[in-house]
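Take the sequence shown: its position 188, counting from 1, is numbered 711 in this note's numbering, and each next residue is one higher.
The C-beta atom is built at its ideal place from N, Cα and C for all residues, glycine as well.
Small disclaimer: the values here were computed from a predicted structure and weren't measured.
Accompanying notes for the structure given below.
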Amino acid sequence: MKCKILTVLFLILAVSCKKETEKASVTEDNKVLSDTIQDQTDGDVVENSQLPVFPKSGKKIEDFLLEPYKVQYEAEGFLNDDELEDIVLVLQNKNDNTDVRPTLVLIKQSSGGYRLQETSWQALNPEYSYEGNKIYDYEDITIGKDKTLTVTLNGIGPVGTQETTYKYVNNELIFTKIHVFNMGAGSQIAVDYDLISGTAEMELVNTMVDSMPSTHETKKFKLEKQLFVYDSPERVLKKLPATDW
Numbered sequence: 524m525k526c527k528i529l530t531v532l533f534l535i536l537a538v539s540c541k542k543e544t545e546k547a548s549v550t551e552d553n554k555v556l557s558d559t560i561q562d563q564t565d566g567d568v569v570e571n572s573q574l575p576v577f578p579k580s581g582k583k584i585e586d587f588l589l590e591p592y593k594v595q596y597e598a599e600g601f602l603n604d605d606e607l608e609d610i611v612l613v614l615q616n617k618n619d620n621t622d623v624r625p626t627l628v629l630i631k632q633s634s635g636g637y638r639l640q641e642t643s644w645q646a647l648n649p650e651y652s653y654e655g656n657k658i659y660d661y662e663d664i665t666i667g668k669d670k671t672l673t674v675t676l677n678g679i680g681p682v683g684t685q686e687t688t689y690k691y692v693n694n695e696l697i698f699t700k701i702h703v704f705n706m707g708a709g710s711q712i713a714v715d716y717d718l719i720s721g722t723a724e725m726e727l728v729n730t731m732v733d734s735m736p737s738t739h740e741t742k743k744f745k746l747e748k749q750l751f752v753y754d755s756p757e758r759v760l761k762k763l764p765a766t767d768w
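Okay, structure coming up:
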């Protein structure tokens, strides 16, 4: 059974390889770029990287928008421990849908307005690849009642589904859960990673048989804290159990 599972997983990974390459092609060096921009002044453009640094505070959403960006997605809800509604923005270059997309976490202030708490260039890859292909068919960001931020990416075919959840712990927005789902020739696999407990649960369904029998496995893993600001979901997934079920 283990050999069959490994074979199916290999086929799924092989089919999705091209899509995964497109998703990751512009994010490999983003951590270096993010490190570079931390100490820049508001609104400056970083030399060589061309990644802007957004204003640290503002009275309204528009105060955080720099050219050539527009708001692509917006979510409102409670992220920290006060009773003030916060906002998360995903921005997109108005002139280039293959450009990297910043995600801004705006924390509501009791005195009014917002403070820019986090900026991630990793949470979402560009909407389109350099070849002009749309990576995912559906994208969404939500803030849940449990004060979590969830980024949902859904694609038809081998690109599959990726759902990443973040939560504030000790004033740091960290990865807490990642869910992935993929369909391949004759099978489908779903894996839920709990990065807090260090538990991965896999469900593999054999769609070649009418009864669609499934196999369930659980694994434990150790992983250091992964931060919303610096770590991309793709890099985190590479550190987690995947091909050795």
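Consult DSSP for E608 and reduce its assignment to one of helix, strand or coil. In the structure shown, E608 adopts coil according to DSSP, grouped into three states.
>> Can you tell me where the alpha helix (DSSP H) holding K742 begins and where it ends?
In response: Here K742 belongs to no alpha helix (DSSP H); instead the beta strand (DSSP E) covers 737–743.
| Expressed to the nearest angstrom, what Euclidean distance is found between the alpha-carbon atoms of T626 and Y596? | Each residue's Cα considered, the two are about 9 Å apart.
Item checked: Inter-stretch contact at 8 Å, needing at least 3 Cβ pairs: the region 699–719 / the region 756–767 -> Pairwise C-beta distances place the region 699–719 in contact with the region 756–767, as three or more of them are shorter than 8 Å.
Worksheet entry | Cβ shell of Q749 (< 7 Å), same chain only, five flanking positions each side left out | Result list for Q749: I697, F698, L718, V759, in chain order.
Distance, S720 Cα to E662 Cα:
When rounded, the distance between both Cα atoms is 27 Å.
message = Does D660 come out as helix, strand or coil in the three-state DSSP assignment?
response = D660: coil per DSSP, three-state reduction.
### Query
By DSSP, does A654 sit in helix, in strand, or in coil?
In the sequence under discussion, the amino acid at residue 654 is Glu, which differs from the Ala named in the question. Correct three-state label for E654: coil.
### Sequence-distant residues of its chain with Cβ nearer than 6 Å to L676 (five each side left out)
If we look at L676 and ignore the five residues flanking it on each side, its Cβ neighbours are Y659, E662, Q685.
Worksheet item: Taking the continuous beta strand (DSSP E) assigned at E599, which residues delimit it?
Response: Taken as a continuous stretch (DSSP letters only), the beta strand (DSSP E) holding E599 covers 592–600.
Compare the C-alpha of E585 against each of I610, G600, D604 and name the closest.
Comparing alpha carbon positions, the residue from I610, G600, D604 closest to E585 is I610.
Item to check | Pick from K579, W644, N603 that is closest to Q573, judged by C-alpha positions | outcome: Taking each of K579, W644, N603 in turn and checking the Cα distance to Q573, the smallest one comes out for W644.
Discussion item. Strictly by DSSP, which residues pair up with Y689?
Written reply: L672, F698.
Exercise for the section: Grab me the residues of V628's own chain with a C-beta within less than 6 Å of its C-beta, minus the 5 sequence neighbours each way, in chain order. Expected result: Contacts found: V611, Q640, E641.
_Please report whether the beta-carbon of S652 lies at a distance below 7 Å from any beta-carbon of chain C._
Chain labels in this structure do not include chain C; a single protein chain is all it has.
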